[in-house]
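Everything on this sheet refers to the single structure shown next.
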Amino acid sequence: MARPGAGARPFGTPGRWPRRGEGRQMRIGELSRETGVAIPTIKYYVREGLLPAGRLTSPNQASYDAGHVRRLRLIRGMIDVGGLSVSAVRDVLAAVDSPEEPVHNVLGAAQEAITPRTAAAPEGTEEARRTVAELIRRRGWRVEPENPSIEKLAVALATFRGIGHGDFEDVLDAYAEACEGVAAADLAWAGRNAEVEGLVESVVVGTVLGDAVLSAMRRLAHVEASARRFESLAEGVGGR
299 MARPGAGARP FGTPGRWPRR GEGRQMRIGE LSRETGVAIP TIKYYVREGL
349 LPAGRLTSPN QASYDAGHVR RLRLIRGMID VGGLSVSAVR DVLAAVDSPE
399 EPVHNVLGAA QEAITPRTAA APEGTEEARR TVAELIRRRG WRVEPENPSI
449 EKLAVALATF RGIGHGDFED VLDAYAEACE GVAAADLAWA GRNAEVEGLV
499 ESVVVGTVLG DAVLSAMRRL AHVEASARRF ESLAEGVGGR
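Letter by letter, the sequence shown follows residues 299 to 538 of the numbering used here.
Rendered as structure tokens:
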């Protein structure tokens, strides 16, 4: 899979990315107040290559614009909500800034950046890998064998088995079907952007922040499913 990054653009908005120098110009103090990001942190992001430098207006002064505001909010969203490290954010932004890459490749690069590597494989991981491979074959998913999420899923299944809950695999296809629906909804939302730049950003950011949304909604759905399943059982027992 191609690694994006060459020919990067500085920043963007869905459907129409701000260009350098567009909109109201501001100094770093105003940029800090506008975004809630401290000045030392802004300078750190510039040094780390996450945020483009401002336009020099004098040897010791630079101006910033709407693109910098959006980029800072994007960075903070991925760190604060997405839980990504600065290093992972840098890799994700390299994908966002590569509209010349096929969107499928960009999404793969972003997933690679945000998927943590497994430190150690528990006992039974090899068998779990075969289970995952069979799931992918059965669902007809076109996934590269080196996709890091394959190993992450295998390690999770091996851990289930190790603590005596191997029967969790009985619901894998139900999980897969639900995830196919979520993925289709993700890409349908991202596809509303007419320009390639906005589409790329939506796909990548939707992947990062969408994980947080999905996790929260799954827990809310658990509460509702529990109420429907177990409260009715309790009523039945109490009514005897």
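Where a beta carbon is used, it is the ideal one built from N, C-alpha and C, also for glycine.
Identify, in the order they occur along the chain, each residue of the same chain with its Cβ nearer than 6 Å to the Cβ of residue i, setting aside the five sequence neighbours on each side.
i, result
"alanine 474", "Arg437"
"leucine 470", "Leu433"
"isoleucine 344", "Before going further, note that residue 344 is valine rather than isoleucine in the sequence given. Closer than 6 Å at the Cβ level, and outside the excluded window around valine 344, lie Ala351."
"arginine 307", "Annotation note: pLDDT 39 at arginine 307 (below 50); position unreliable, coordinate value reported separately. Same-chain partners within the cutoff: Asp395."
"phenylalanine 457", "The sequence as given places threonine at residue 457; phenylalanine does not occur at that position. If we look at threonine 457 and ignore the five residues flanking it on each side, its Cβ neighbours are Pro420."
"arginine 527", "none"
Excluding the 5 residues preceding and the 5 following residue i in the sequence, name in chain order all residues of the same chain whose CB lies nearer than 7 Å to its CB.
i, result
"glutamate 467", "Thr429, Leu455"
"alanine 488", "Leu497, Ser500, Val501, Gly504"
"alanine 391", "Note that residue 391 corresponds to leucine in the displayed sequence, not to alanine. Closer than 7 Å at the Cβ level, and outside the excluded window around leucine 391, lie Leu348."
"glutamate 389", "Checking the sequence shown, residue 389 turns out to be aspartate, not glutamate. Counting only Cβ-Cβ distances below 7 Å, and skipping sequence neighbours, we find Ala411."
"threonine 333", "Val367, Leu370, Arg371"
"proline 312", "With a pLDDT of 37 at proline 312, under the threshold of 50, the modelled position of this residue cannot be trusted, and the question is left open."
For the beta strand (DSSP E) that residue i lies in, which residues bound it at each end?
i, result
"leucine 354", "353–356"
"serine 385", "Segment 384–394 is the alpha helix (DSSP H) holding serine 385; no beta strand (DSSP E) there."
"glutamine 359", "359–361"
Does the distance from the C-beta atom of residue i to that of residue j stay below 8 Å?
i, j, result
"serine 447", "glutamine 409", "yes"
"glutamate 422", "arginine 459", "Residue identity differs from the one stated: residue 422 is glycine in this sequence, not glutamate. Contact flag set, yes."
"alanine 431", "alanine 411", "no"
"valine 453", "alanine 419", "yes"
"leucine 340", "leucine 329", "Residue identity check: residue 340 is isoleucine in the sequence provided, not leucine. Yes. Within cutoff."
"valine 480", "leucine 518", "no"
"leucine 348", "isoleucine 326", "no"
"alanine 407", "alanine 393", "yes"
With a threshold of 8 Å on Cβ separation, who are the neighbours of residue i within its own chain once the five nearest residues in sequence on each side are excluded?
i, result
"lysine 450", "Thr413, Pro414, Thr416"
"leucine 507", "Gly375, Met376, Val379, Gly380"
"aspartate 484", "Val501, Gly504, Thr505, Gly508"
Determine the extent of the alpha helix (DSSP H) in which residue i is found, giving its start and end residues.
i, result
"serine 330", "326–333"
"alanine 472", "470–488"
"glycine 365", "364–374"
"glutamine 409", "401–412"
"valine 344", "337–345"
"histidine 460", "The amino acid occupying residue 460 in the given sequence is glycine; histidine does not appear at that position. Per DSSP, glycine 460 belongs to the alpha helix (DSSP H) from 446–460."
"arginine 437", "423–437"
Are the region 396–403 and the region 350–359 touching by the rule of at least three beta carbon pairs closer than 8 Å?
The region 396–403 vs the region 350–359: no contact.
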